[in-house]
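Protein chains: 2
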Amino acid sequence: MSSRVTGNRVRKAPAERRAEIVEAAARLALTEGLECITLRRVADMLAIRNSTVGHYFPATEDLVAETFGHVAETELSTLISADNEATPTQRLAHFLSLALSAEFHDVNRLWLNARHLARYRPTLRERVIRQGDHWRERLTSLIQSGIDTDEFHTTDAEAVALKILVVIDGLSADLNADPRFPTTVQQMAVDLAETELHLAPGTLRHTP
Amino acid sequence: MSSRVTGNRVRKAPAERRAEIVEAAARLALTEGLECITLRRVADMLAIRNSTVGHYFPATEDLVAETFGHVAETELSTLISADNEATPTQRLAHFLSLALSAEFHDVNRLWLNARHLARYRPTLRERVIRQGDHWRERLTSLIQSGIDTDEFHTTDAEAVALKILVVIDGLSADLNADPRFPTTVQQMAVDLAETELHLAPGTLRHTP
DNA sequence: AGTTCTATCGGTCACTTGCCCGATAAGCGG
DNA sequence: CCGCTTATCGGGCAAGTGACCGATAGAACT
Numbered sequence: 001m002s003s004r005v006t007g008n009r010v011r012k013a014p015a016e017r018r019a020e021i022v023e024a025a026a027r028l029a030l031t032e033g034l035e036c037i038t039l040r041r042v043a044d045m046l047a048i049r050n051s052t053v054g055h056y057f058p059a060t061e062d063l064v065a066e067t068f069g070h071v072a073e074t075e076l077s078t079l080i081s082a083d084n085e086a087t088p089t090q091r092l093a094h095f096l097s098l099a100l101s102a103e104f105h106d107v108n109r110l111w112l113n114a115r116h117l118a119r120y121r122p123t124l125r126e127r128v129i130r131q132g133d134h135w136r137e138r139l140t141s142l143i144q145s146g147i148d149t150d151e152f153h154t155t156d157a158e159a160v161a162l163k164i165l166v167v168i169d170g171l172s173a174d175l176n177a178d179p180r181f182p183t184t185v186q187q188m189a190v191d192l193a194e195t196e197l198h199l200a201p202g203t204l205r206h207t208p
Numbered sequence: 209m210s211s212r213v214t215g216n217r218v219r220k221a222p223a224e225r226r227a228e229i230v231e232a233a234a235r236l237a238l239t240e241g242l243e244c245i246t247l248r249r250v251a252d253m254l255a256i257r258n259s260t261v262g263h264y265f266p267a268t269e270d271l272v273a274e275t276f277g278h279v280a281e282t283e284l285s286t287l288i289s290a291d292n293e294a295t296p297t298q299r300l301a302h303f304l305s306l307a308l309s310a311e312f313h314d315v316n317r318l319w320l321n322a323r324h325l326a327r328y329r330p331t332l333r334e335r336v337i338r339q340g341d342h343w344r345e346r347l348t349s350l351i352q353s354g355i356d357t358d359e360f361h362t363t364d365a366e367a368v369a370l371k372i373l374v375v376i377d378g379l380s381a382d383l384n385a386d387p388r389f390p391t392t393v394q395q396m397a398v399d400l401a402e403t404e405l406h407l408a409p410g411t412l413r414h415t416p
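Protein chains in written order, with this note's numbering: chain U, 1 to 208; chain P, 209 to 416.
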């Protein structure tokens with residue numbers, strides 16, 4: 001009758017269990033939000049006791065921070081692949097198209113979530129700042145490589161990267177609460193990038 | 209010994225008490241965030257019982273939504289005064305300078321807060337959308353009046369308004385977690401407005 | 001096989017939350 | 001001055017939270 005399989009205690013390697021927990025929390029964060037990461041909900045997903053989760057993360061805030069960091073790190077590598085044979089133009093077009101696509105909506109929403117929650121959780125705030133730096137560095141170096149190959153033209157790669165990220169954040173914040181946004185405005189990031197980098201209009205519009 | 213003044217029951221006009229409650233909640237929202245609006249905290253601020261607050265707002269979510277709407281409405285009228293003798297250029301410059309000033313930080317943070325919390329609270333989401341429309345309308349009509357007086361030049365006033373608001377949201381979202389932002393990027397909104405409206409650089413930079 | 005370490009369990013505790021209830025008293029109309 | 005409406009009180013309940021504890025059982029090592 002009861003679905004409870006009592007006594008079936010499974011003991012895993014700490015690193016493996018810890019990874020399991022973070023991954024379950026990540027699924028939760030992406031679908032329901034960071035505030036839904038509670039000891040009991042994560043434990044239920046893995047069919048373990050809440051005290052086991054507490055054993056790996058004595059302070060719940062640390063689990064929340066680590067979960068955000070994990071997702072942000074993973075998604076960044078999806079947005080900007082490090083060793084790619086594509087040209088900087090192609091890679092930037094890929095970045096822009098993916099970052100504002102529907103399938104990336106959950107990630108953008110997670111950033112919004114984390115930025116707000118960082119107000120109350122110092123550990124998370126630190127992670128948000130660190131990941132923000134990381135994203136900015138990666139986008140900056142992508143732009144810089146475009147400058148090196150003479151595809152992009154700007155004097156301050158970092159400022160351009162920052163501006164692009166600001167626009168993406170603003171768009172996803174607004175889209176989060178209100179989906180009725182005209183496509184003209186949704187192309188802001190592409191337009192901004194093309195203007196700032198002195199590219200012909202349309203250069204970044206299509207994915208390779 | 210006890211600071212409790214028992215039996216001192218004060219009965220106020222419903223409209224007055226209701227306004228008191230919303231105002232106390234607004235103070236709370238601006239300083240500590242919308243999730244700190246609880247029956248007991250608001251009640252404590254007014255030295256009344258939590259059940260009294262519950263009497264006026266049977267669902268706490270309604271108090272949260274109304275509080276946000278109240279603040280957003282009030283602050284909008286600070287940003288854009290309706291019957292002003294100033295020129296559209298002066299009014300837009302005032303808007304931009306105030307919207308990104310330090311003293312407006314709390315309001316921007318409240319917007320971020322509301323946009324995120326709207327995910328869980330349908331009533332609040334409705335309010336966020338409505339207020340978003342309201343801000344956009346007001347900024348659009350300000351730009352339109354500038355077009356009429358031949359100060360601004362653009363074909364789509366609403367699109368420009370939307371873009372300006374997107375940039376402001378993105379900037380305040382990023383500034384919320386990370387205050388180390390270069391001033392070049394903080395001028396994004398001004399630069400964007402001047403470019404989109406075909407104004408000479410620097411036109412919107414100073415407050416009248 | 002025996003020993004040791006610790007991952008995991010099962011349960012508890014104190015706290016906060018929103019919501020609800022009956023009792024009381026303030027103010028108004030008659 | 002009386003009676004009615006209802007704003008306000010005082011208290012309580014159930015649900016959910018993070019943190020904590022001692023007991024147990026896997027697994028590695030001798």
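Even for Gly, the Cβ is constructed at its ideal location relative to N, Cα and C.
Any chain P beta carbon closer than 8 Å to residue i
i, result
"THR184(U)", "yes"
"ALA118(U)", "yes"
"LEU171(U)", "yes"
"GLU147(U)", "Going by the sequence as given, residue 147(U) is Ile instead of Glu. No, because no Cβ of chain P sits closer than 8 Å to the Cβ of ILE147(U)."
"LYS163(U)", "yes"
"ASN176(U)", "yes"
"ALA86(U)", "no"
"GLY69(U)", "no"
"ALA93(U)", "no"
"SER3(U)", "Because the pLDDT at SER3(U) is just 37, under 50, the model does not fix this residue reliably, and the value given afterwards should be weighed accordingly. Closer than 8 Å: no."
"GLY202(U)", "no"
"ARG209(U)", "Residue 209(U) cannot be examined here, being either before or after the span of chain U that is shown, 1 to 208."
"ARG125(U)", "yes"
Test item: CB-CB of residue i and residue j under 8 Å
i, j, result
"GLU194(U)", "THR203(U)", "yes"
"ILE245(P)", "THR275(P)", "yes"
"ALA397(P)", "LEU284(P)", "no"
"VAL185(U)", "VAL374(P)", "yes"
"HIS278(P)", "ALA234(P)", "yes"
"ILE168(U)", "ALA118(U)", "no"
"THR331(P)", "ALA280(P)", "no"
"LEU28(U)", "ARG41(U)", "yes"
"ILE164(U)", "LEU199(U)", "no"
"LEU197(U)", "THR149(U)", "no"
"ALA173(U)", "ALA381(P)", "yes"
Enclosing alpha helix (DSSP H) for residue i [first to last residue]
i, result
"ALA301(P)", "296 to 307"
"GLU345(P)", "330 to 356"
"SER259(P)", "258 to 264"
"ARG205(U)", "Unbroken run through ARG205(U): none, as it is neither H nor E."
"SER285(P)", "268 to 287"
"VAL315(P)", "313 to 325"
"LEU199(U)", "Here LEU199(U) belongs to no alpha helix (DSSP H), and DSSP marks it neither H nor E."
"VAL10(U)", "Where VAL10(U) is concerned, there is no enclosing alpha helix (DSSP H), given that its DSSP letter is neither H nor E."
"GLU243(P)", "Run containing GLU243(P): none; DSSP gives neither H nor E here."
Whole-number beta carbon distance between residue j and residue i, since they are thought to touch under 8 Å
i, j, result
"LEU110(U)", "LEU142(U)", "Actually they do not touch by this definition, with Cβ atoms about 22 Å apart."
"PRO88(U)", "SER145(U)", "5 Å"
"ARG115(U)", "ALA310(P)", "Incorrect: roughly 18 Å between the Cβ atoms, too far for contact."
"LEU162(U)", "ARG136(U)", "6 Å"
"ALA365(P)", "ILE355(P)", "6 Å"
"ILE288(P)", "LEU242(P)", "That belief does not hold up - the Cβ atoms of ILE288(P) and LEU242(P) are roughly 24 Å apart, past 8 Å."
"ALA24(U)", "MET45(U)", "4 Å"
"ARG121(U)", "GLU61(U)", "5 Å"
Cβ of residue i within 8 Å of any chain U Cβ
i, result
"MET253(P)", "no"
"ARG329(P)", "no"
"LEU405(P)", "no"
"LEU320(P)", "yes"
"VAL336(P)", "yes"
"GLY262(P)", "no"
"VAL374(P)", "yes"
"ARG346(P)", "no"
"ALA401(P)", "no"
"ALA290(P)", "no"
"ALA367(P)", "yes"
"ARG323(P)", "yes"
Kindly provide the ranges of any alpha helix (DSSP H) runs that are 4 or more residues long and lie completely inside the stretch 153 to 190 of chain U, ordered along the chain.
Fully enclosed alpha helix (DSSP H) runs of 4 or longer: 157 to 177, 183 to 186.
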